[in-house]
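Visitor:
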Amino acid sequence: MSSPAKKSVATKQLLRQVAARSTGRLAVDTVDGALEVYLMNGDIIGAVSGQDDQALLRRVRLADAVSPEKLASLTRLASSGQALFGPLIDMVPTEVIEPALADRFRENLVRWVAQSEEPTFEALPGVFVDNMQMGHNTVQLIESSCKLADQARSYPVDTEIVRGDGKTLDSIELAVLELTSNRPIPVGTLLPDLPAEPWTARAAVARMLDNGLLLETGVELQELMTDEVELLTTDRRIEPSDEEDDDEPTVRAVNELLDLDD
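Residue numbers (this note's numbering): -14 to 247.
#1: Drop a sphere of 10 angstroms on the beta-carbon of SER65, count the other beta-carbons inside from all chains shown, and report buried for 16 or more, exposed for fewer.
#2: I believe LEU176 touches ALA186 by the beta-carbon criterion, under 8 angstroms. Please report the beta-carbon distance rounded to the nearest angstrom.
#3: Give the straight-line distance between the Cα atoms of GLU21 and GLN118, rounded to the nearest whole angstrom.
#4: Does the distance between the C-beta of LEU56 and the nearest non-hydrogen atom of the ligand COA fall short of 7 angstroms?
#5: According to DSSP, ASP14 sits in a beta bridge with which residue or residues?
#6: Give the straight-line distance between the Cα atoms of LYS(-9) and PRO104, rounded to the nearest whole angstrom.
#7: Could you give the DSSP three-state label for ARG222: helix, strand or coil?
#8: Given a cut-off of 8 angstroms, decide if VAL172 and THR144 are closer than it, judged by their beta-carbon atoms.
#9: Decide if LEU0 is buried, meaning its Cβ has at least 16 other Cβ atoms within 10 Å, or exposed.
#10: Taking ASP155 as the reference, give the member of ARG192, HIS121 and PHE106 with the closest Cα.
#11: Could you say which of LEU24, PRO78 and SER139 lies nearest to ASP49 if we only look at CA atoms?
#12: Check for me: the alpha helix (DSSP H) holding PHE90 runs from which residue to which?
#13: Within a Cβ cutoff of 6 angstroms, which residues of the same chain sit near SER115, ignoring the five residues on either side of it in sequence?
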């Protein structure tokens, strides 16, 4: 099955910068503001958006991780437009904030590969970002983000669902089941109350619909809009540099991900 996320303009550009071992910032404008991905020598070390502070604050609130006084203080800071990263690190227990930061990083990457707008790239001598995430295989990270994006978009957010049959041990799926019953509820209504980022939660709901843990009711499935994804018509094969033999494994991995090794 073809992957719309793998074929998006934003994904293609990201993969090309990864293969080129670029250092700098990729950016694309969305309806919610700028979405940015930071690269260091071809490795993704950060993915940020203007929604990050509010999203992290929501996770802290749902986890009941701080006192009402600290939560009120963080909320005031967010309302005033001040950066929350430092205060969150200081006030929120490590076992809560570190997974939330990692989840937010992944959420922004999933949002990135789902973009159909042409991104811009700015080469930089070095990069630093507050929510820095390192130590992963970048090509595998992009591939898993594409899979998650495709899963999330397989059912519209206005799909009405009821609880089905079966059991699960997955924490997100358990949270979904706690919020559903035999009364139809739109997927979008659940998202603010789930302890997961929206695209991750939507992907979980899609899996549950596919395996019968949830049932769809009242809304017919919609096909993905063809204009969500722009296909590149030129040859996108990336050739390794003669001078940089160390790049060949990454180039091969990128070409395999792009399904170009015919």
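Glycine is no exception: its CB is placed at the ideal position from the N, C-alpha and C atoms.
Guide: Result, derived from the coordinates:
#1: exposed
#2: 5 angstroms
#3: 14 angstroms
#4: Of ligands this structure carries none, so the ligand COA is not represented either.
#5: ALA19
#6: 15 angstroms
#7: Confidence is the limiting factor: at ARG222 the pLDDT is only 46, short of 50, which leaves the residue's position unreliable, though a coordinate-based value still follows. Coil.
#8: yes
#9: buried
#10: ARG192
#11: PRO78
#12: 79 to 98
#13: Note that residue 115 is Asp in the sequence shown, not Ser. PHE70, listed in sequence order.
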